[in-house]
Amino acid sequence: MLNSFRSLTEVFNNENTFEKFRKSVKEIDVLEGFHAVFPDLKKTVKPKYVKKGILFLSAENSVLKNELFLNRKLIVEKINNHFKEKIITDIKF
7 MLNSFRSLTE
17 VFNNENTFEK
27 FRKSVKEIDV
37 LEGFHAVFPD
47 LKKTVKPKYV
57 KKGILFLSAE
67 NSVLKNELFL
77 NRKLIVEKIN
87 NHFKEKIITD
97 IKF
């Protein structure tokens, strides 16, 4: 009977029923770690939320928004490389 017990970490990481939960946790990690990846944007860009792999950002300056839009593939790549997993597929403002 003792062999049937598993740690919570093992259950959360391996059970298919927790897949949505794991995805949500990873998306929250992206929101909280955004400024660790891009510290220069801390004062000007705010991550709002992630929905279906799309990161929504808020930037007050339209010139900055355009610059970020043009570099969105690079931003997505940097975020995914930082977290060593494909979490974000696109960015919207």
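All letters in the sequence shown, in the order written, are residues 7 to 99 by the working numbering. The beta-carbon is built from N, C-alpha and C at its ideal position, and this holds for glycine as well.
Going by DSSP, name the residue or residues bridged to P53. On the sequence shown, residue 53 is found 47 positions in, with the first residue counted as 1. Beta-bridge partners assigned by DSSP to P53: L63.
Mind reading off the beta-carbon distance from D96 to I60? Whole number of angstroms is fine, and I expect it under 8 Å. Taking the first residue of the sequence shown as position 1, residue 96 is located at position 90. Taking the first residue of the sequence shown as position 1, residue 60 is located at position 54. The Cβ separation is near 5 Å, so the contact holds.
Report the partner residues of K98 according to the DSSP bridge assignment. As a working mapping, residue 98 is identified with position 92 in the sequence shown. Paired residue(s): F62.
Count the other CB atoms, across all protein chains shown, that sit within 10 Å of the CB of V82; report buried if there are 16 or more and exposed otherwise. Taking the first residue of the sequence shown as 1, we reach residue 82 at position 76. Classification of V82: buried, given that the 10 Å Cβ count is 16 or more.
Counted within 10 angstroms of its Cβ, other Cβ atoms place V56 as buried (16 or more) or exposed: Taking the sequence shown and counting its residues from 1, one reaches residue 56 at position 50. By the 10 Å Cβ count, V56 comes out buried.
Return yes when the Cβ of T50 is within less than 8 Å of the Cβ of N67, no when it is not. Here residue 67 refers to the residue found at position 61 of the sequence shown. Here residue 50 refers to the residue found at position 44 of the sequence shown. Yes; because the gap between Cβ atoms is below 8 Å, this pair is in contact.
Straight-line CA distance for K98 to S10? The residue you call residue 98 lines up with position 92 of the sequence shown. The residue you call residue 10 lines up with position 4 of the sequence shown. Their Cα atoms are separated by approximately 45 Å.
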